[in-house]
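Heads up, the thing below is written out as structure tokens.
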Amino acid sequence: MRIEVRADDTVHIDGYVNVTGRDSRPIRDSRGTFIEQVVPGTFKKALDSGKPVELRFDHSRVLDTGDTLKLYEDNVGLRASAVVKDTEVAEKARKKELRGWSFGFDKKKDRWEGEDPRRRFLEDIELKEVSIIGTSMVPVYTATSIETRAGEADFIEYRAEFSEAEYHIEEKKQEENQAGADNKDNKGDAEESRADEFDEDELQRMKQRLEFLKVRWRNTYA
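If you count the sequence shown from 1, position 64 lands on 70 in the working numbering, and the numbers rise without skipping.
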């Protein structure tokens, strides 16, 4: 997420709301956990429908963008750009309290594969809104809700993305965890190797002892 704050509390925000074709972190539902991907082309299909998409703050307050909100899907994913004149958003931007993006959607078509983990592929959605998220929300926030508009009930799902910095921090943690696991495996291999060497040495000593006893027996009883 790139943020530019101007003196008049105008904030220019630009970044990827979601990277398509990339695994999410584990998401919980009533059956347990699953991994999710948005299939490339899904956002383009939603945007091509012409249905309005709101820009919100923390999924609640609608922000006035003055028709500057631009949403499009490229070969990376869903990208958003907007100019917002909002005192709260500007203040949080100055304090570096804007953490990333989130989006709310209504599922139209998905595909499930596998077990442990289950994998969900979103193929067709109605994109309801994209949100700028602050520190009050947890990165990769996941939730569902029922929203009623004009007497119609919508089942809305929310997905939040890491900010770029947090994404790299998470990657670093995963690399460190993997390195720790590899070191543990290497240590185990080394210990096993030392155990094999010990067994070979012990076997050699037993052979030498056996030969000594044979010679001693011959000298004594031959």
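Note that CB positions come from ideal geometry on N, CA and C, so glycine has one too. This one's a predicted model, so the numbers in the text were calculated from it and none came from an experiment.
Assigned exposure category for residue i - 16 Cβ within 10 Å defines buried
i	result
Val90	buried
Trp118	exposed
Gly106	buried
Arg37	exposed
Asn81	exposed
Glu79	buried
Glu163	buried
Val68	exposed
Ala13	exposed
Lys102	exposed
Lys98	buried
Lys245	Since the first residue shown for the chain is 7 and the last is 228, residue 245 is missing from the structure and cannot be characterised.
Ser66	exposed
Thr26	buried
Glu62	For the record, residue 62 in the displayed sequence is Arg; it is not Glu. Arg62 is buried by the Cβ-count criterion.
Gly72	exposed
Arg241	This structure does not reach residue 241, given that the chain is present from 7 up to 228, and the question cannot be answered.
Thr48	buried
Run of the beta strand (DSSP E) containing residue i, from where it starts to where it stops
i	result
Ala52	Not the beta strand (DSSP E): Ala52 falls in the alpha helix (DSSP H), residues Thr48 to Asp54.
His18	Thr16 to Val25
Val136	Arg124 to Gly140
Glu79	Lys76 to Glu79
Arg62	Glu60 to Phe63
Thr39	Gly38 to Val44
Asp35	Ile33 to Asp35
Host alpha helix (DSSP H) of residue i (start-end)
i	result
Ala96	Thr93 to Arg100
Residues bridged to residue i [DSSP beta-bridge criterion]
i	result
Lys113	Ile131
Ser87	Asp20 and Lys76
Val11	Val17
Val68	Arg62
Gly119	For the record, residue 119 in the displayed sequence is Glu; it is not Gly. The partner list for Glu119 (beta bridge, DSSP) reads Arg125.
Problem set entry | Cβ contact (3+ pairs, closer than 8 angstroms) linking the region 36-45 and the region 120-128 | yes
For this session: May I ask you to verify whether the region 56-67 touches the region 27-36, counting CB pairs closer than 8 angstroms and requiring at least 3?
Result: no
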